[in-house]
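A.B. asks:
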Amino acid sequence: MFSVFENVLNLEWQQIVMWVIGGILIFLAIKKDMEPALLLPMGFGAILVNLPKSGAVTQVYDGVKEIGIIDFLFDSGISNELFPLLLFIGIGAMIDFEPLLSNPKLMLFGAAAQFGIFFTLSIAALLGFDIKDAASIAIIGAADGPTSIFVANFLKSDYLGPIIVAAYSYMALVPIVQPPVIRLITTKKERLIRMNYAEKKVPKLTKILFPIVVTIVAGIISPRSVSLIGFLMFGNLVRECGVLNSLSETAQKVLANLITLFLGITVASKMTADAFLNPQTLMILGLGLFAFVFDTVGGVLFAKIINIFAKNKINPMIGAAGISAFPMSARVVHKMGLQEDSSNFLLMHAVGANVSGQIASVVAGGLILTFFG
Amino acid sequence: MNTELFLQTLPYMLKGMIGIFSVTIIIILSIYWLNFLQRPSGKNKNGEKK
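Here the protein sequences line up with chains A and B, keeping their order.
Under numbering that gives the first Met the number 0, residue 372 is the last one in the first sequence; the count climbs by one each step, no gaps.
Under numbering that gives the first Met the number 0, residue 49 is the last one in the second sequence; the count climbs by one each step, no gaps.
Structure follows, in structure tokens:
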């Protein structure tokens, strides 16, 4: 009888803490609807891998190594970057770049709102992380889960688990993180600026050529990002070509859902108590928040600088929508615009900036790899 | 606190932002070029100006 329960003696308090963390992730996913597709599998996975002698992760029994399924999935799908890249096909198929193509200047806000990544890189280095870990942490500011996983894994960061938890948590927290920052650095008068939106029809050929051109441009300038941007743009080409509607739908729904399911639970392999419970995890969560805040600051300040020279003023809140968290960030800016003036509709401009953030964040990831890979 | 590494990373901040803006500006110009190529010609089928 005792032998049935003897494994209880192998339980460590750190593992119980990880169960609690897993429980919190599941709670946030179900009760608060925070990125449930990722946080729920991660939360469950955190419990699964932190059971004493869990067979879900690789263990040595009597001197013989037994590969756990979660570690197997990690080696098969994350360490070779397969899952994040496949997920990018689905994301690319979901994005409609029309608001951006009809007003290409909005792309500048996507670029400006990556400032938090590079600022966080320096701060993480200052706090004592080595350069590759600092770069991996900084990419949380890409506000893009697959890019964070791709870069952190490529740079072989020891902090993959906390980085992914931070990246997805803050993406879900965009409606809480961004508004106070935007209010702090803008005046009411600036938030009331109206922007005209003239709907322009984008030719179908432009929509088809756009993903090809972006892939070539980004690939030539930042070759290491070519698989990231290439898979994103491939998904978009499938969407826009008009002859692969069934594949586009599959990529948007079935493929994206399947990969998300595996990605979430596989990431848990890096959430074992010994890898997760350390002071660095808290620092990474802090630095992730810092990155999101300074992405927002970068975008808003860039809009304010443009306004010094521009004849048609831009509502600086649009700059904050340049982060990649789509569509949360665009919604936040649109809502804030309506709160200030119920007849000021900023949605289309915000969406344009927001989808450009998707491209810019991937380019930023590619540059990080070029610098430190 | 690792101020030496901090100082080493500052140029990357500059290089990174220049890199992103460079890619972005090239993409923006490409979009304008694509839209320009597909603008209405301003002539009707007989080659006369509208």
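Idealized CB from N, CA, C, for every residue including glycine.
Cα separation between F233(A) and N244(A)?
C.D. replies: Going from the Cα of F233(A) to the Cα of N244(A) covers about 14 Å.
A.B. asks: By the 10 Å Cβ neighbour count, where 16 or more other Cβ atoms means buried, how is E198(A) classified, buried or exposed?
C.D. replies: Under this definition E198(A) is an exposed residue.
A.B. asks: Report yes or no: do the region 285–299 of chain A and the region 124–140 of chain A share at least 3 C-beta pairs separated by less than 8 Å?
C.D. replies: Contact holds: three or more Cβ-Cβ distances are below 8 Å.
A.B. asks: Residues bridged to K64(A) by DSSP?
C.D. replies: In the DSSP output, where bridge partners are listed per residue, K64(A) has V59(A).
A.B. asks: Which residues in chain B sit within 7 Å of L100(A), going by Cβ to Cβ distance?
C.D. replies: What L100(A) touches in chain B: I30.
A.B. asks: Tell me which same chain residues have a C-beta within less than 8 Å of the C-beta of F371(A), skipping the five on either side of it?
C.D. replies: Hits under 8 Å: I130, K131, A134 and L154.
A.B. asks: Measure the Cβ-Cβ separation of P51(A) and I148(A) and say whether it is below 8 Å.
C.D. replies: Against a cut-off of 8 Å, the Cβ pair of I148(A) and P51(A) comes out as no contact.
A.B. asks: Residues of chain A with CB closer than 7 Å to the CB of F35(B), please, in chain order.
C.D. replies: The premise fails here: F35(B) is roughly 10 Å from chain A at the closest Cβ pair, so nothing lies under 7 Å.
A.B. asks: Along the alpha helix (DSSP H) that carries N152(A), what are the first and last residues, could you check?
C.D. replies: It spans G144 to F153 - the alpha helix (DSSP H) in which N152(A) sits, taken as one unbroken run.
A.B. asks: So, does the CB of M106(A) fall closer than 8 Å to a CB anywhere in chain B?
C.D. replies: Chain B contact via Cβ: present.
A.B. asks: Hey, out of R193(A), N306(A), I258(A) and I304(A), whose CA is closest to F344(A)'s CA?
C.D. replies: It is R193(A).
A.B. asks: To which residues of the same chain is K375(A) closer than 6 Å at the C-beta, ignoring the five residues directly before and after it?
C.D. replies: Outside the shown range of chain A (0 to 372) lies residue 375(A), about which nothing can therefore be said.
A.B. asks: Looking at M327(A) and P174(A), is the spacing between their C-beta atoms short of 8 Å?
C.D. replies: Yes.
A.B. asks: Given this structure, state the Cα-to-Cα distance separating I66(A) from D95(A), to the nearest angstrom.
C.D. replies: Computed Cα separation, rounded: 42 Å.
A.B. asks: Tell me whether Q13(A) is buried or exposed, calling it buried when 16 or more other Cβ atoms sit within 10 Å of its Cβ.
C.D. replies: Looking at its Cβ environment, which holds fewer than 16 other Cβ atoms inside 10 Å, Q13(A) is exposed.
A.B. asks: Could you give the DSSP three-state label for E198(A): helix, strand or coil?
C.D. replies: Coil at E198(A), not helix or strand.
A.B. asks: If you count every other CB in all the chains shown that lies within 10 Å of the CB of E239(A), and 16 or more means buried, which is it?
C.D. replies: The residue is buried, with at least 16 neighbouring Cβ atoms inside 10 Å.
A.B. asks: Please report how far the alpha carbon of K49(B) lies from the alpha carbon of P202(A), in whole angstroms.
C.D. replies: At K49(B) the pLDDT is 46, less than 50, meaning the model places this residue with poor confidence; the figure from the coordinates comes in the next sentence. Computed Cα separation, rounded: 21 Å.
A.B. asks: Report the rounded CA-to-CA distance for A123(A) versus L10(A), giving the unit in angstroms.
C.D. replies: The straight-line gap from Cα to Cα measures roughly 34 Å.
A.B. asks: Between S341(A) and Q113(A), is the Cβ-Cβ spacing less than 8 Å?
C.D. replies: Against a cut-off of 8 Å, the Cβ pair of Q113(A) and S341(A) comes out as no contact.
A.B. asks: Flag this pair as yes or no: are the beta carbons of V22(B) and A217(A) separated by less than 8 Å?
C.D. replies: The answer is yes: Cβ separation under 8 Å.
A.B. asks: According to a CB-to-CB cut-off of less than 8 Å, which residues of the region 210–230 of chain A neighbour chain B?
C.D. replies: Answer set for the region 210–230 of chain A: V212, V213, V216, A217, I220 and S221.
A.B. asks: Using a C-beta to C-beta distance shorter than 9 Å, which residues of chain B count as neighbours of G127(A)?
C.D. replies: Neighbours of G127(A) on chain B, chain order: M0, N1 and L4.
A.B. asks: Assuming F275(A) and G144(A) are in contact, meaning their beta carbons sit under 8 Å apart, how far apart are those beta carbons, in whole angstroms?
C.D. replies: Contact doesn't hold; Cβ gap of about 18 Å is too wide.
A.B. asks: Use the C-beta contact count for I116(A): other C-beta atoms within 10 angstroms, 16 or more gives buried, fewer gives exposed.
C.D. replies: So I116(A) ends up on the buried side.
A.B. asks: Using a Cβ-Cβ cutoff of 9 Å, what residues of the region 109–125 of chain A are near chain E? List them in chain order.
C.D. replies: Protein chains A and B are contained in the structure displayed, whereas chain E is not.
A.B. asks: Just the Cα atoms here: how many angstroms apart are V354(A) and S121(A)?
C.D. replies: The straight-line gap from Cα to Cα measures roughly 26 Å.
A.B. asks: Using the Cβ count rule (16 or more neighbours within 10 Å means buried), how would you classify P278(A)?
C.D. replies: P278(A) should be labelled exposed.
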